[in-house]
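As structure tokens, the structure follows; a few thoughts come after it.
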Amino acid sequence: SQTIHQWPATLVQPVGSPLSLECTVEGTSNPNLYWYRQAAGRGLQLLFYSVGIGQISSEVPQNLSASRPQDRQFILSSKKLLLSDSGFYLCAWTLVEGGYTFGSGTRLTVV
Amino acid sequence: DAKTTQPPSMDCAEGRAANLPCNHSTISGNEYVYWYRQIHSQGPQYIIHGLKNNETNEMASLIITEDRKSSTLILPHATLRDTAVYYCIVRPQGFNKFYFGSGTKLNVKP
């Protein structure tokens, strides 16, 4: 069966520090991968999606970047975090047809 | 951009059916209707989806109007654990992305 792993579960980082969040999927090949962010009390905002290795589409210009070095690995990064980067970050995968499966999320607090 | 409209909140008594409406008046012929829910501090969970016909699974039923401009998610016997934000999403066939709107906060009360 397919599973999605996302870590860490919580993270507290100072302003100006780098960020790396990792997401891996097991049990499927060539999934579409997604990063979403949810600010406190708000809806989910699509940040990046990828349909294959090295293929990244950005939805919202911002202080973040994404990479897909392997078929089932998706990484969200920042060189210098801002206070506004705080939020709940969710990774998700899907095949071409079908619904999303979300990871358990990373709650990032930038202090 | 979300193409759906949902009420911001609804209450339901435990054990009763919860009927969550969604308006998608601009839906196209190849767009599916998906429902997800998000329990506090967790990732969204897939519930059900449909194109034209009504659908039912172990979690819920989806009723889509004949003109497809609206739908209703039905939780037949709501429990306290069904308290969550419910998102209705339209997604074109073969389209890669989901855009989430604000959803409906369902409060199931004892």
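Heads up: the protein sequence lines correspond to chains A and B, in order. Start counting the first sequence at 966; every next residue gets the next number (the numbering used here). Start counting the second sequence at 63; every next residue gets the next number (the numbering used here). We put the beta carbon where it would ideally sit given N, CA and C, even for glycine. Quick caveat, the model's predicted, so the values are computed rather than measured.
Linking Val170/B to Thr67/B through their CA atoms gives a straight-line distance of about 21 Å. Where Ser87/B is concerned, there is no enclosing beta strand (DSSP E), because DSSP gives it neither an H nor an E. The beta carbon of Gly91/B does not come within 8 Å of any beta carbon belonging to chain A, so the residue lies off that interface.
Contact between the stretch 1041 to 1053 of chain A and the stretch 74 to 84 of chain B is not established, with fewer than three Cβ pairs separated by less than 8 Å. Residues of the stretch 1038 to 1070 of chain A that bring their beta carbon within less than 9 Å of a beta carbon in chain B comprise Phe1053, Leu1055, Cys1056, Ala1057, Thr1059, Val1061, Glu1062, Gly1063, Gly1064, Tyr1065, Thr1066, Phe1067, Gly1068, Ser1069 and Gly1070, in sequence order. The beta carbon of Pro69/B sits closer than 6 Å to those of Thr166, all from its chain and outside the five residues before and after it, given in chain order.
Apart from sequence neighbours up to five positions away, the residues of its chain that approach Ala1057/A with a beta-carbon distance below 6 Å are Tyr999, Tyr1065 and Phe1067, ordered along the chain. Between Ile1018/A and Arg1002/A, the CB-CB gap reaches or exceeds 8 Å. Taking the C-beta atoms as reference points, Val1016/A is found nearer than 8 Å to Asn158/B. C-alpha of Leu113/B to C-alpha of Val977/A: approximately 42 Å in a straight line.
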